Amino acid sequence: MNSAAGKIAIAIVTYNRSTFLAELLASAAAMDTPPYRIIVVDNASTDDTQDVIAAAASRFPEGVLVNHRLDTNTGGSGGFSEGTKVALEQGADWVWLMDDDVEILPDAIARFAPWMERFKVIHGRRYDFDGSPFYWQAKFNEFLGVPLPYSGKQFGREGYAITNSGTFEGMLIHADVVRTIGLPDPRFFISWDDATYAWLAAQHTDVVYVDAFVLKRKREQKQVNLGIRHLNDGSALFRFHVIRNRAYVGKYFAQYGKLNRLGFGLGTALTLAKEVFRLVVVQHTVKGVGDLARGFRANRALWRDTSWRPMDPAEVPAGPASSRGGNHDR
20 MNSAAGKIAI
30 AIVTYNRSTF
40 LAELLASAAA
50 MDTPPYRIIV
60 VDNASTDDTQ
70 DVIAAAASRF
80 PEGVLVNHRL
90 DTNTGGSGGF
100 SEGTKVALEQ
110 GADWVWLMDD
120 DVEILPDAIA
130 RFAPWMERFK
140 VIHGRRYDFD
150 GSPFYWQAKF
160 NEFLGVPLPY
170 SGKQFGREGY
180 AITNSGTFEG
190 MLIHADVVRT
200 IGLPDPRFFI
210 SWDDATYAWL
220 AAQHTDVVYV
230 DAFVLKRKRE
240 QKQVNLGIRH
250 LNDGSALFRF
260 HVIRNRAYVG
270 KYFAQYGKLN
280 RLGFGLGTAL
290 TLAKEVFRLV
300 VVQHTVKGVG
310 DLARGFRANR
320 ALWRDTSWRP
330 MDPAEVPAGP
340 ASSRGGNHDR
């Protein structure tokens, strides 16, 4: 089914969290306005994820739920890149990107609809697992090359705020923008991929946060409430990539002539300090410092890689898979 603004495909990336995925698919089936497609990218899960997807299929009209299982775990970055590609091959006008540990509110598409007539990259609001508003609005400080949180009062009378950062935990993006900037970059694996992708989009169109709740987080995490943002716990894999991937962010900034090497280096130092703070204050340990050190060494190697190129917009699918002979429904 189409919304007034076009065909919306929901792209979900999942890995070994079948219970959360089942709840998310149940919420998708209960939406007041059904989506055009639901693309589930299974990142080579080893649990019963495939059984959950098969069981959920009966809740949707034939062809709506697309089961796209990958042979290897490509991380969130690879999953969102693949999900976006499949959605566009299926003929979607919009791709709504989300993790598996959220629940879609029934009237989400109706809440998005007015904004879809005005903007092409949109973030709605989320409730946290305890029902409180989850705050994640940020803007890239281009001197430092880091997204910094800003006040919840930014929505103003019109109910939206312009930004240049974002998250794949709810980013709604028009196919035209994807065809302009390319698919999300799978090389990030995890961390910085979504903020950088929204920043790339912001070089071509308005990226907005809107004062409309459309999702609820379901997974409880250790966190510290700092007022203007929540700081969650992080894994060893996250710590490594959050430092390593600073090099990818910098390379994209350089592509647009926005890289200030002095400021960006300071931003990397601040990122490192934030991760040490996260270890000590949220996780009460310093054992993860080695992950950050490994990430920094990998960061230096990526900066020296002269073969790196940005994602190529020419590789973005032009239309439905049926016109290209592809079949991604496994």
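Just so we're aligned, residue 20 is where the sequence shown starts under the working numbering, counting upward by one.
Glycine residues also receive a C-beta, built at the ideal position from the N, C-alpha and C atoms.
Here the structure is a predicted model, which is why all the values come from computation and not from measurement.
- Between the alpha carbons of ASP213 and SER184 lies a distance of about 8 Å.
- Scanning its chain for C-beta atoms nearer than 7 Å, with the 5 sequence neighbours on each side dropped, one finds around LEU124 the residues PHE232, VAL233, LEU234, LYS235, in chain order.
- Here LYS237 is buried: its Cβ has 16 or more other Cβ atoms, across all protein chains shown, within 10 Å.
- Under the three-state reduction of DSSP, ARG56 is assigned to strand.
- Within a 10 Å sphere around the beta-carbon of SER37 sit 16 or more other beta-carbons, which makes this residue buried.
- Each of ALA221, GLY286, ALA312 was checked against the Cα of ARG258, and the nearest Cα belongs to ALA312.
- Here the C-alpha atom of PRO80 lies approximately 47 Å from the C-alpha atom of ASP324.
- Residues of the same chain with a CB within less than 7 Å of the CB of PRO205, apart from the 5 flanking positions on each side, are THR93, SER96, GLY97, SER100 in chain order.
- As DSSP reads the structure, VAL295 sits in no beta bridge.
- Inclusion of LEU167 and LEU285 in the CB contact set at 8 Å is not warranted, their separation being larger than that value.
- Look at the stretch 148-202 and you find these whole runs of beta strand (DSSP E), each 3 residues long or longer: 157-160, 165-168, 179-182, 190-193.
- For GLU136, there is no enclosing beta strand (DSSP E), as DSSP marks it with neither H nor E.
- Counting only residues of its own chain and dropping the five nearest sequence neighbours on each side, THR186 has a CB closer than 8 Å to the CB of HIS142, TRP155, ASP213, ALA214, ALA217.
- For the pair SER77 and SER254, the Cα-to-Cα distance works out to about 36 Å.
- When secondary structure is reduced to three states using DSSP, ASN318 falls in the helix class.
- Within its own chain, the residues whose Cβ lies closer than 7 Å to the Cβ of ALA106, once the five positions on either side in sequence are excluded, are ALA28, ALA30, ARG56, ILE58, VAL114, listed in chain order.
- Sequence-distant partners of ILE262 (beyond 5 residues in either direction) whose C-beta falls short of 6 Å from its own C-beta, in its chain, are LEU311, GLY314, PHE315, ASN318.
- When the alpha-carbon of ASN160 is set against those of ILE72, LEU278, PRO203, GLU136, the nearest one is in LEU278.
- The beta-carbon distance between ALA41 and ALA75, rounded to whole angstroms, is 7 Å. This is short enough to meet the 8 Å contact definition.
- A Cβ-Cβ separation of about 29 Å leaves MET50 out of contact with GLY201 under the 8 Å criterion.
- Closest by C-alpha distance to VAL196, out of ALA221, THR304, ARG265, is ALA221.
- If you look at ILE262, you'll find it in the alpha helix (DSSP H) that goes 255-263.
- THR215: not part of any beta strand (DSSP E); member of the alpha helix (DSSP H) spanning 212-221, first to last residue.
- Taking the C-beta atoms as reference points, ARG144 is found nearer than 8 Å to PRO152.
- According to DSSP, THR33 shares a beta bridge with ASP61.
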